[in-house]
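Numbering (my numbering), first residue to last: 13 to 354.
In what follows, a structure is listed as C-alpha cells, so that the remarks can point back to it.
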Ligand SMILES: [Zn+2]
Ligand SMILES: [Zn+2]
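Take a look at the structure:
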C-alpha cells in the first residue's frame, strides 16, 4: 500500500492526513498535484458557512497537476501531460446536461466540495473528461487561475455585451478583482468598484477601476450612481449579502441587471415592488462551462489578466492551515497551496 497526503477540513481545523493513493478506474486518470488555489468557497466551507458543503470536506478544486497514469479507456492524456480540473461533475443525462448547460446539472456533484477527493493532496483520480490540457506557455501558477477566472468570465458572458456599458462591481476580493479585469478586457466604459477595505480598493484601482468607493460609507448607491453619471447598466454583486444586494438594486434602478456572482451564505430579502415596477433583472451566475475555460486560458495567455496581480502568496501542502489563514486575512487575492512543484 502506498500512502500520500490529503487535506481534510474539519470544524475549526484543517488537517493533512495520510491516505492510500487512489487507483484510477477505466475512464479516469491518476493526477499528481502541482498546485491548488484556496477559493473563497473553501473559506466559507471551512468556516461552516457554505450553503451546500457540509464538514468535514476535502478541499481543492483550482488544481493543476501532471498525469501519472490513466485508465484503459482514456485517450489523449499520456503520462507527463499537464492538466487542470474542471471540477463540476455533471450526470450528463438530465435536462440541463442534455442542453449543454451542465453547470446547472440537476444531479451536480463537485470535485473538491463535498466529494470524497479534493485537489489539495499529493494525488487524486478523476474522470478524464473533467481534465483540460494546459498550454506549455502557461506556468503552473497561471494555470491554477484558469478555474477561478472562469467564474467571472461566465458571469460577464451572461451579462451580454458589456462594451461601452456603465458597470458597478461590489466587492474587490478575488472574484471582484477578476470580474473587473474581465470587464476591462471586454471594453466596459466606466467601472466603479466598492469595498470596505482600503487595500482592496487600491488593488481595484490598479486593475482599472475608474472610481472606487468605501462600501461602508454613507449612501454607497448614491455615490456609485454619481460616479457613473446615472444608474449602472449592470451591477456585479460579488459579496451577495443583504447590504450588497440592497446597494446593487439601488444602483441598477431603473432597468439594469444585477448579476449575483458571490456565494450567498444565506437568504436575503428583495424589494420586489422596485424589481417589478423598475424592470430590474436579477440574474444568478453559477460556475462555468468549457467555453469559459477557453476564454480564461486565452486572457491569461495574452497577459490581459496577469498572474502577478492575483497570486499574492504560496504555501506548501504541509502548511495548508496557514494558507487558509492568509486567504481569510483580507490581505491576499489568491493564495496557492504548492504540492509537488519542482
Ligand atoms: Zn473556486
Ligand atoms: Zn445532469
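Where is the CB? At the ideal position from N, CA and C, for every residue including glycine.
All figures in this text were calculated on a predicted structure; none of them were measured in a lab.
The beta carbon of residue 21 sits closer than 7 Å to those of 57, 58, 67, 68, 69 and 71, all from its chain and outside the five residues before and after it, given in chain order. Between the alpha carbons of residue 289 and residue 247 lies a gap of roughly 18 Å. Excluding sequence positions up to five before and after residue 196, its CB lies within less than 6 Å of the CB of 220, all in the same chain and listed in chain order. Counting C-beta pairs with one atom in each stretch, the segment 270-280 and the segment 159-169 have three or more that are closer than 8 Å, which means they touch. Residue 266 counts as exposed, since fewer than 16 other C-beta atoms from the protein chains shown sit within 10 angstroms of its C-beta. Taking the Cβ of residue 214 as the reference point, every heavy atom of ligand 2 lies at 7 Å or farther away.
Counting along the chain, residue 116 sits inside no alpha helix (DSSP H), nor does DSSP assign it H or E at all. Annotated as distal: residue 97 and residue 49, with beta-carbon spacing of 8 Å or more. No heavy atom of ligand 2 is found nearer than 7 Å to the CB of residue 299. Residue 266 carries a coil assignment under DSSP once its states are collapsed to helix, strand and coil. Between residue 320 and residue 280, the C-beta spacing is not below 8 Å. Pairing residue 174 with residue 204 gives a Cβ-Cβ distance that is not under 8 Å. Annotated three-state conformation of residue 129 is coil, per DSSP. Residue 55 and residue 285 have their C-alpha atoms spaced approximately 35 Å apart. Remark: the C-beta of residue 32 is outside contact range of ligand 1, defined as less than 7 Å to any heavy atom. Counting the other CB atoms within 10 Å of its CB gives residue 291 a total below 16, which places it among the exposed residues.
Look at residue 185 here: in three-state DSSP terms it is coil, with no helix or strand label. The beta carbon of residue 218 sits closer than 8 Å to the beta carbons of 321 from its chain, once the five residues preceding and following it are set aside; these are given in chain order. Ranked by how close their Cα comes to the Cα of residue 352, the residues 135, 90, 120 and 298 have 135 in first place. Along the length of the segment 267-305, whole alpha helix (DSSP H) runs at least 4 residues long occupy 284-289, reported in chain order. Ranked by Cα distance from residue 160, the options 214, 61, 317 and 25 are led by 317. Within 7 Å of the C-beta of residue 109 there is at least one heavy atom belonging to ligand 2.
Beta-bridge partners assigned by DSSP to residue 205: 181 and 224.
Within 10 angstroms of the beta-carbon of residue 303 lie fewer than 16 other beta-carbons, which makes it exposed.
Assignment of residue 248 by DSSP, reduced to helix, strand and coil, places it in the strand class.
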